[in-house]
Amino acid sequence: MRGRATIHRDFVISQIDDRLYSAFIEHMGRAIYTGIYEPGHPTANQYGFRGDVLELVRALKIPAIRYPGGNFVSAYKWEDGIGPKENRPVRLDLAWRSKETNQVGINEFAQWAKDAGIEMMLAVNLGTRSIEEARNFVEYCNFPSGTYWSDLRRNHGVEKPYGVNMWCLGNEMDGPWQIGHKEAKEYGRLADETSKAVKAFGRDIETIVCGSSNDKMPTYPDWERQVLEECYENVDYISLHNYYGNSRHNSLNFFAKVEETGRYIQSVAGTIDYVKAKKRAKNDVHICFDEWNVWYHNREQDSRNWSEWDWPEAPALLEEDYNLEDALFIGCLLNEFIRRSDRVRIACIAQLVNIIAPIRAEKGGKAWATTIYYPYQFASLYGRGTAMNVSVDCPRYDEEVAQDVPYLDIAAVLAKDGKSLTVFAVNRNPDEAMEIDIALNGFEGARLIDHQVLGGNAAEARIANTSREPGRIAPQAGSRLGVSDGALTGELPAFSYNMVRLALD
Ligand code: AHR
Numbered sequence: 381m382r383g384r385a386t387i388h389r390d391f392v393i394s395q396i397d398d399r400l401y402s403a404f405i406e407h408m409g410r411a412i413y414t415g416i417y418e419p420g421h422p423t424a425n426q427y428g429f430r431g432d433v434l435e436l437v438r439a440l441k442i443p444a445i446r447y448p449g450g451n452f453v454s455a456y457k458w459e460d461g462i463g464p465k466e467n468r469p470v471r472l473d474l475a476w477r478s479k480e481t482n483q484v485g486i487n488e489f490a491q492w493a494k495d496a497g498i499e500m501m502l503a504v505n506l507g508t509r510s511i512e513e514a515r516n517f518v519e520y521c522n523f524p525s526g527t528y529w530s531d532l533r534r535n536h537g538v539e540k541p542y543g544v545n546m547w548c549l550g551n552e553m554d555g556p557w558q559i560g561h562k563e564a565k566e567y568g569r570l571a572d573e574t575s576k577a578v579k580a581f582g583r584d585i586e587t588i589v590c591g592s593s594n595d596k597m598p599t600y601p602d603w604e605r606q607v608l609e610e611c612y613e614n615v616d617y618i619s620l621h622n623y624y625g626n627s628r629h630n631s632l633n634f635f636a637k638v639e640e641t642g643r644y645i646q647s648v649a650g651t652i653d654y655v656k657a658k659k660r661a662k663n664d665v666h667i668c669f670d671e672w673n674v675w676y677h678n679r680e681q682d683s684r685n686w687s688e689w690d691w692p693e694a695p696a697l698l699e700e701d702y703n704l705e706d707a708l709f710i711g712c713l714l715n716e717f718i719r720r721s722d723r724v725r726i727a728c729i730a731q732l733v734n735i736i737a738p739i740r741a742e743k744g745g746k747a748w749a750t751t752i753y754y755p756y757q758f759a760s761l762y763g764r765g766t767a768m769n770v771s772v773d774c775p776r777y778d779e780e781v782a783q784d785v786p787y788l789d790i791a792a793v794l795a796k797d798g799k800s801l802t803v804f805a806v807n808r809n810p811d812e813a814m815e816i817d818i819a820l821n822g823f824e825g826a827r828l829i830d831h832q833v834l835g836g837n838a839a840e841a842r843i844a845n846t847s848r849e850p851g852r853i854a855p856q857a858g859s860r861l862g863v864s865d866g867a868l869t870g871e872l873p874a875f876s877y878n879m880v881r882l883a884l885d
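Each position in the sequence shown, counted from 1, maps to that position plus 380 in our numbering.
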C-alpha cells in the first residue's frame, strides 16, 4: 500500500493552543485517593502525594488540569475541603455513590498541581448550587486579601492567590444522570449570570459553558444553540465530551470513529457561528473538548447495580487496561485535535490516573504507563506550535460509522521556534505496511532526528500494559524512514503509530 502527502511551509491551519494537551481528574474511584494521594505509600512526599505517580505525570508536561469533576462536582461543597483536615466532614458523593473524606481539597490539589507543573482549571457546582457559591470559590482562590474568603485562605496557610483563570460552569448539565440536571434555557441563563460573577474577578478569567455530554444525546445539537443563545457574549468556550467504545472489536470501525468526531467538532463550530451571527456578537467562542478517551474495557466495574452499591471509600472504578489498538486510536484522535486546532483550543484527556487513564497506580504498590500514555506524551511534547495543513492521497476504506476513511491518519506541527517539524502518522491498516512519500515543501535541509514507533503488528492489538506486565507496549526506535530529495520516505509498519521528528536548522 502506498500513501503520498504534502506539507508546505506556507499552508497552515492554526497556531495550536498549548492547552490542547490538558487533562482532567475527578474525585471519583481511585483517581485522587490511592491514585495521586496516598500518605502511607513508600514514595509519598511530605503532603501525602505519590512520588512515582508525580514522576509519570511530570513527564507528560501537561499544561492544564480540570478539577474536581465531572459528575462529582454537581453535588460538591468545595468548602468541605478547606481548613484543618481533622475537621473536614465525610460526605456521601451522590454521583458515584461513594464516601468522600475531603482529605484532599482545593489547597492540597493546588499544591499537587504546582509540584506537577500544571495550571488549574476549576469547575463550579451548578447542579445543587448556584452563583453565590461559585463567586465565593473564585474569591477564595483568586482574591489577594482583606475580604472574608481571601483572608480565610490566608488563615489556611496560602498567602498568595492562585490566580485561576479557567472556570468551568458546571458539568454535563444536559445529562439526566446529573445531580441538578437542567433544561437548556434554564442552564444557559444560570451559566450566563454565573459567568458574569466569575469574570468580575479579573480580565484574564475565561469561562467554559457546558455543551452536550456527547453527540448521541437526544438534545444535541439544539442544546448548544439554546445554551449559547442565553450566554454567548459572556463565555469563552463551549465544552464537548466524548468517550469511545469498541465492543465489536473491529479495529477499522473503531479508528473510523475519529471521523465522527470531526463531524461533531464541525457541527458545534457551525452552531457557534450561527449564534454569533444571530446575536451580531463581536466575541469568539471556542471549543473546549474537556473529556475524551476510550472507555469500554471494564464492563464489570461500569455496570454495577448502583442501588446496591454500599457507599465505599475510593472504590476501583473504570480502571481500564488499555491495549495497543487503543493507543493507535488515541493517536488518531489527537491528530484530529491538531487538525481542528482552529476551533478546538483546549482539550482534556479524561481522566489522568486510574480512572480511564494513561497512568495506573496500585494501592501501596507500583505505578505504570498504560499504552495510551505514549501518543498523549508525544503530542504534548512535540505537538506545540503551528498545525500544518497536510494533504493526503492514499487508499481509503468504508465502515459503518464513516466512509472514505484514509488508511493514513496524519498531522504535522512546526515547532514554535521553527527549528523542527513533527509528523504524527498512524497506519490504520492492520494487514499491510505503507510506503510513504511525504513532500516537504519549503523545509530545505530537513533531517530526520527521531522516529518512534508504537505497534507494528495487528496480532498484538489486544495486548495491554497491566500490573503484571507494565512495559509490554512501549515505543521503539524506527529504522525504515529517511529524508531525501525534499521528501520523507520509507515504510510505516502495518497497524502502527509513528512520531517522526525532523530538524530544520
Ligand atoms: O469521566 C467520568 C465521567 O464521565 C465524568 O464524571 C462525567 O463528566 C462523564 O460522564
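Ideal Cβ placement from N, Cα and C applies to all residues, glycine included.
task = Please say whether Gly383 and Ile718 have beta carbons closer to each other than 8 Å?
result = Cβ distance not < 8 Å, so Ile718 and Gly383 don't count as in contact.
task = Report the three-state DSSP secondary structure of Thr481 (helix, strand or coil).
result = In this structure, Thr481 counts as coil in the three-state DSSP scheme.
task = Within the same chain, show all residues whose beta-carbon is closer than 8 Å to that of Trp691, passing over the 5 residues directly before and after it, in chain order.
result = Contacts found: Leu472, Arg477, Ser478, Lys479.
ask   = Which partner residues of Val607 appear in the DSSP bridge assignment?
value = Partner(s): none; Val607 has no beta bridge.
task = Mind checking who Gly765 pairs with in its DSSP beta bridge?
result = Gly765 pairs with Ala795.
Residue from Glu688, Gly650, Asn614 with nearest C-alpha to Lys662 = Nearest Cα to Lys662 within the set Glu688, Gly650, Asn614: Asn614.
task = For Glu824, collect the residues of the same chain with a Cβ closer than 6 Å to its Cβ; drop the 5 residues on either side in sequence, then sort them by chain order.
result = None.
request  = Please work out which residues of its chain come closer than 7 Å, Cβ to Cβ, to Leu532, disregarding the five sequence neighbours upstream and downstream, and give them in chain order.
outcome  = Hits under 7 Å: Tyr520.
message = Counting C-beta neighbours from all protein chains within 10 Å, is the total for Glu693 16 or more, i.e. buried, or is it exposed?
response = It counts as exposed.
query = Going by DSSP, what residues sit across from Thr846 in a beta bridge?
reply = Residue pairing of Thr846 in beta bridges, as defined by DSSP: absent, with no partner found.
inquiry  = In this structure, how does DSSP classify Thr386 when only helix, strand and coil are distinguished?
reply    = Thr386 falls in the strand class under three-state DSSP.
Inter-residue Cα distance where the pair is Gly835 and Thr651 = Just so you know, the alpha carbons of Gly835 and Thr651 end up roughly 38 Å apart.
message = Shorter than 7 Å, the distance from the beta carbon of Glu406 to the closest heavy atom of the ligand AHR, or not?
response = Under cutoff, so the answer is yes.
request  = Less than 8 Å between the CB atoms is what I'm expecting for Val655 and Ile667, so what's the real figure, rounded?
outcome  = That pair is no contact at about 13 Å.
ask   = Going by Cα to Cα distance, which pick from Pro786, Ala854, Thr869 is closest to Leu828?
value = The candidate whose alpha carbon is nearest that of Leu828 is Thr869.
inquiry  = Out of Ala795, Leu697, Asn715, which one is the CA nearest neighbour of Gly642?
reply    = Checked all of Ala795, Leu697, Asn715; the closest Cα to Gly642 is Asn715.
inquiry  = Excluding the 5 residues flanking Asp398 on each side, which residues of the same chain have their C-beta closer than 6 Å to its C-beta?
reply    = The residues are Pro443, Arg764.
message = Just to confirm the assignment: which complete beta strand (DSSP E) runs, minimum length 3, are found wholly within the region 702–783?
response = You should have 724–730, 739–741, 747–749, 765–773.
Reduced DSSP category for Ala564 - H, G, I as helix; E, B as strand; rest coil = Residue state, collapsed to three classes: helix.
query = What first and last residue would you give for the alpha helix (DSSP H) that runs through Leu436?
reply = Residues 431–438.
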